[in-house]
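Q: One structure, as structure tokens, below. Some questions next.
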């Protein structure tokens with residue numbers, strides 16, 4: 134390793150690059166990408182901040198969606214709402230562990246009943262079961278929409294999930 138490479142590696146540890154990662158708990162592309170960025174975080178010294186974006190918010194009122202996809206979007210509010218409620222009530226530190234726990238139920242274990250995935254995810258993350266009630270309440274929808282808007286603002290409305298920004302420069306899935 135050259136002196137320059139050693140210096141750069143040392144700088145990365147003391148002053149890590151910042152990544153912002155917007156995810157929808159339902160999205161398999163966001164799930165796989167989140168696993169990748171977790172590995173990058175381990176070996177490249179980046180700091181990842183996790184944020185909710187919502188395909189249900191994104192597609193609300195859109196024409197041309199199939200009935201099957203509309204049904205998925207209707208159900209999709211629940212997991213995103215619960216992660217936002219947990220963030221509001223328990224702080225930023227719970228976002229990633231809860232996403233991991235709910236995402237594992239949906240994407241790894243094949244749980245299609247999102248209420249069940251939420252219940253199991255909350256238990257796995259060590260969070261109160263009562264948070265599951267927020268899946269069917271609009272209590273924190275303003276915060277959900279604000280988080281979503283912060284994610285799509287740099288990339289526009291014609292996006293998918295995830296959106297990842299490195300040191301403020303955003304990239305998106307389409």
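Numbering (the numbering used here), first residue to last: 134 to 307. Quick reminder that beta carbons are idealized off the backbone N, C-alpha and C, glycines included.
Under three-state DSSP, which class holds residue 294?
A: Three-state result, residue 294: coil.
Q: In whole angstroms, what separates the C-alpha of residue 151 from that of residue 172?
A: Rounded to whole angstroms, residue 151 to residue 172 spans 15 Å at the Cα level.
Q: Would you give the residue range spanned by the alpha helix (DSSP H) that residue 238 belongs to?
A: Here residue 238 belongs to no alpha helix (DSSP H), and DSSP marks it neither H nor E.
Q: Taking the beta strand (DSSP E) that residue 153 belongs to, which residues open and close that run?
A: Looking at the DSSP string, the run of the beta strand (DSSP E) that includes residue 153 is 151–156.
Q: According to DSSP, is residue 185 part of a helix, a strand, or is it coil?
A: In the structure shown, residue 185 sits in a strand (DSSP, three-state: E or B).
Q: Can you check which of these residues, 255, 249 and 281, is closest to residue 154 by C-alpha distance?
A: Among 255, 249 and 281, the Cα nearest to that of residue 154 belongs to 281.
Q: In angstroms, rounded to a whole number, what distance separates the CA positions of residue 300 and residue 204?
A: In a straight line, the C-alpha of residue 300 is about 36 Å away from that of residue 204.
Q: Going by other Cβ atoms of all chains shown within 10 Å of its Cβ, with 16 needed for buried, is residue 240 buried or exposed?
A: The residue is buried, with at least 16 neighbouring Cβ atoms inside 10 Å.
Q: Assuming contact is defined by CB atoms lying nearer than 8 Å, are residue 276 and residue 217 in contact in what I supplied?
A: Yes, these two residues count as a Cβ contact at 8 Å.
Q: Could you tell me the boundaries of the alpha helix (DSSP H) in which residue 257 lies?
A: Unbroken alpha helix (DSSP H) run through residue 257: 247–258.
Q: Mapping DSSP to helix, strand and coil, what is residue 145?
A: For residue 145, the predicted model reports a pLDDT of 46, less than 50, meaning its position is unreliable; a value from the coordinates is still stated below. DSSP places residue 145 in helix when its eight states are reduced to three.
Q: Using alpha carbons as the reference points, say which of 248, 235 and 183 lies closest to residue 226.
A: Residue 226 has its Cα closest to that of 183, out of 248, 235 and 183.
Q: With distances taken from CA atoms, which of 293, 292, 249 and 273 is nearest residue 234?
A: That would be 249, whose Cα lies nearest to the Cα of residue 234.
Q: What runs of the alpha helix (DSSP H), each 4 residues or longer, lie entirely inside the segment 179–234?
A: Qualifying alpha helix (DSSP H) stretches, in chain order: 188–192 and 200–223.
Q: Is it buried or exposed, residue 252, if we count other Cβ atoms within 10 angstroms and call 16 or more buried?
A: Per the 10 Å Cβ criterion, buried.
Q: Looking at the unbroken alpha helix (DSSP H) that takes in residue 277, where does it start and where does it end?
A: Note, residue 277: alpha helix (DSSP H), 274–285.
Q: Spatial neighbours of residue 188 within its chain, please: CB distance less than 7 Å, with the 5 preceding and 5 following residues excluded, ordered by chain position.
A: Contacts found: 157, 159, 160, 206, 209 and 294.
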